[in-house]
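Novice:
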Amino acid sequence: MSKTSFSELSQCILSYHDWLKVDGLWDLLPNYQKTLSDKEHWQIIIDTWSMSEHNSQIHNRDKWIDILTLRNPIKYFKKNLKNSIKVYRAGDLNGFSWTLNKEKAIEFQKRYTSNNPIYYSNKIKEVEIISKEVKYEDVKFYNNLRDEEEIVLIP
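Per the numbering used here, the very first residue in the sequence shown carries number -2; after that it's consecutive.
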């Protein structure tokens, strides 16, 4: 474990704009594989994930899949999850981000359904709330840094 490597990589990622943090992580994380512990590896992924926007969009998908499959997930970031977990999402089945909280999914539904140009241009789109059962081993990590009770999966 190297706190120096972890700090160095964290500082590099912080220098990227929120919309580009995945690019920085994708470029840099493979170079730190020999010096980061599993916990540090996943912590930097979770920190970057939390600071990034639109992680499920098409231009980020392949990079996130590469990042999320560099190492196996660890129990530390999946504490207190059951073997079978009901998760919710506003949108479609192809997203990485799910929540344990149906009310949080409804908040996202409202955000995405409104005429918000950040999410959709010139058209109001009907966004469904979907749910599914997932297995513990399919979860990459649990994250509640933004009070979203977020479960991250590879679609």
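A virtual CB, placed ideally from N, CA and C, is assigned to each residue, including glycine. Computed from a prediction, not measured in an experiment: that's the story for all the values here.
1) Pull up the distance between the alpha-carbon of N141 and that of V124, whole angstroms please.
2) For N98 and I148, I'd like the C-alpha separation in whole angstroms.
3) Compare the C-beta of T45 against all C-beta atoms of chain C and say whether one is closer than 7 Å.
4) Give every residue of the same chain whose Cβ lies closer than 7 Å to the Cβ of R74, excluding the five residues on either side of it in the sequence, and list them in chain order.
5) Can you tell me which of the three DSSP states Y158 falls into?
6) Report buried or exposed for Y85, applying the criterion of at least 16 other Cβ atoms within 10 angstroms of its Cβ.
7) Within its chain, find whatever has a CB closer than 6 Å to the CB of I127; leave out the 5 residues flanking it on each side and keep chain order.
8) So S53 and G92 are supposed to be a Cβ contact under 8 Å. How far apart are they, rounded?
9) State the DSSP-derived secondary structure class of K79, mapped to helix, strand or coil.
10) So what does DSSP say about L150, is it helix, strand or coil?
Specialist: Looking at the coordinates:
1) 23 Å
2) 10 Å
3) Going by chain labels, chain C is absent from the structure shown, which holds only one protein chain.
4) With the sequence shown as reference, residue 74 is identified as Phe, and Arg is not the correct amino acid for it. Within the same chain, and ignoring the five residues on either side of F74 in sequence, the residues whose Cβ sits closer than 7 Å to its Cβ are W39, I43, F138 and Y139.
5) Nothing can be reported for residue 158: it is not among the residues displayed for the chain, which extend from -2 to 152.
6) Per the 10 Å Cβ criterion, buried.
7) R86
8) 4 Å
9) coil
10) strand
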